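Encoded as structure tokens, the structure appears first; notes follow it.
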Amino acid sequence: MTAEPLALYVHWPFCVSKCPYCDFNSHVRDSIDQHEWREALLTDLAHEARLLPGRRLTSIFFGGGTPSLMDPATVEAVIEAASAHWLPADDLEITLEANPNSVEAARFADLAAAGVNRVSLGLQSFDDRSLAFLGRAHSAREGFAALETAQKHFRRVSVDLIYALPDDTEDRWSAMLGQALSLGTRHLSLYQLTIEPGTRFASMVAKREFEPLGADAAAALYELTEEMTSAAGLPPYEISNYARRGQESRHNLTYWRYGDYAGVGPGAHGRRLGMRTVRHKKPENFLSAITRNCHGIAEEAPLSATEAADESLVMGLRLSEGIDADAIASRFGFAPIDWARVDRLVGSGHLTRNGARIALTATGRLLLDAILGEIVAAGELIPLAVAG
Ligand code: SF4
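Residue numbers (the numbering used here): 120 to 507.
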């Protein structure tokens with residue numbers, strides 16, 4: 120019998136500065152004790168490994184924060200420990216999120232030697248004005264140079280871009296996306312700028328220092344994105360992710376297909392054997408918990424069948440492949456779907472249905488949240504936090 124698959128998420132919570140749109144668990148500190156953090160992450164990892172014995176490790180994802188600021192020796196130590204705790208798959212995918220400034224790009228060779236085989240590069244824009252608006256610590260030129268270095272060292276490179284900025288137009292975005300598609304990467308993560316509560320952008324918008332792009336204009340850019348990426352052979356496989364066939368992020372597919380994943384490091388979420396786990400967010404609290412308990416868990420609770428079925432539906436509908444309601448029902452005992460509403464949304468062109476499999480159409484993808492509210496059987500939808 121093949122061992123059950125498992126993904127591992129490792130959160131590095133530090134950044135050189137805080138971007139004004141960012142609501143991730145990222146912190147700026149004057150100094151970081153790399154040795155202390157290496158030991159803490161290894162201790163946290165060992166805790167998950169004890170509770171998840173004998174699993175086949177299919178992916179490791181170093182997210183943040185800015186994990187390209189990790190000491191490559193720490194990255195290597197985590198990869199080695201994870202490979203010793205579990206049974207690494209032959210094609211183990213090891214991704215690290217990187218910022219494209221020259222200091223970090225200089226570490227790419229060491230990170231590749233440490234075992235990283237996929238990099239997700241946060242270029243965000245090719246325009247210096249937009250990068251300044253986004254508070255990014257790199258220029259467009261540095262971004263291109265970092266991409267070239269990344270492509271030299273890693274087999275798989277994904278590029279992140281942020282669009283639908285306040286002054287974005289179809290011409291501007293199609294020029295930038297066209298350029299991105301010509302760079303030779305086989306995976307793109309393309310996020311629309313959203314104003315998250317508690318961020319600097321949220322207070323700037325409240326003070327009317329700028330106005331976000333309107334919903335109709337943003338929708339037009341989203342449609343344009345789907346057209347251009349599909350024409351270039353990188354169709355969407357998730358709401359914001361585009362790839363050539365076979366180049367999808369295996370790690371993120373585990374989340375969306377509702378597989379188990381261990382989440383270690385500050386603020387990391389995990390899903391382990393029907394339990395949801397959440398680590399302490401603040402780095403100092405995380406370290407204290409490690410000292411006290413030999414793990415960084417702040418909360419751990421069983422997921423009820425209802426919660427799990429809801430979550431798998433909500434996550435699965437993000438994917439172009441959609442969900443199989445029969446598979447959800449056989450896994451959790453029921454599928455919380457209002458079929459009359461599904462059929463209505465099929466009629467209006469927002470969903471496709473093939474037996475028990477339902478998926479969003481391109482028009483439906485623009486209205487994901489509203490559609491979920493419609494089709495999840497009344498009273499079943501439970502808000503959830505997404506890992507990573
Ligand atoms: S680099 Fe990434 S994680 Fe860090 S503050 Fe900026 S957006 Fe947030």
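From the three backbone atoms N, C-alpha and C, an ideal C-beta is built for every residue, glycine too.
Predicted, not measured: the structure shown is a model, and the values here were computed from it.
Relative to the non-hydrogen atoms of the ligand SF4, the Cβ of residue 320 never comes closer than 7 angstroms to any of them. Under the rule that a run must span 3 or more residues, the beta strand (DSSP E) segments found entirely inside the region 315 to 370 read 355 to 357 and 360 to 362. With a beta-carbon spacing of about 5 angstroms, residue 494 and residue 457 fall inside the 8 angstroms limit used to define contacts.
In this structure, the CA atom of residue 333 is about 10 angstroms from the CA atom of residue 287. Straight-line spacing of the CA atoms in residue 139 and residue 344 works out to 24 angstroms. Sorting 410, 327, 348 and 331 by C-alpha distance to the C-alpha of residue 155 places 410 at the top. Nearest in C-alpha terms to residue 144, of all of 395, 126, 379 and 399, is 399. Under the DSSP assignment, residue 420 falls in the beta strand (DSSP E) whose first and last residues are 416 to 421. Closest by C-alpha distance to residue 266, out of 232, 250, 225 and 378, is 225. Collapsing the DSSP output to three states places residue 392 in coil. Residue 246 and residue 293 have their C-alpha atoms spaced approximately 13 angstroms apart. Cβ contact annotation for residue 427 (same chain, cutoff 6 angstroms, sequence separation greater than five): 451, in chain order. Within 7 angstroms of the C-beta of residue 137 there is at least one heavy atom belonging to the ligand SF4.
In the DSSP assignment, residue 429 falls within the alpha helix (DSSP H) that extends over 424 to 435. Judged by DSSP in its simplified three-state form, residue 191 adopts helix. For residue 145, the Cβ falls inside the 7 angstroms cut-off from some heavy atom of the ligand SF4. Within the same chain, Cβ atoms closer than 7 angstroms to the Cβ of residue 261 are found at 219, 220 and 221, the five residues on either side in sequence being excluded. Of the residues assessed, residue 316 falls on the exposed side of the cut-off, its CB having fewer than 16 other CB atoms within 10 angstroms.
For the set 278, 488 and 147, the Cα lying nearest the Cα of residue 362 is the one of 278.
With a cutoff of 7 angstroms, residue 218 counts as near the ligand SF4, since its C-beta is closer than that to a heavy atom of the ligand. One alpha carbon belongs to residue 369, the other to residue 395, and they sit about 21 angstroms apart.
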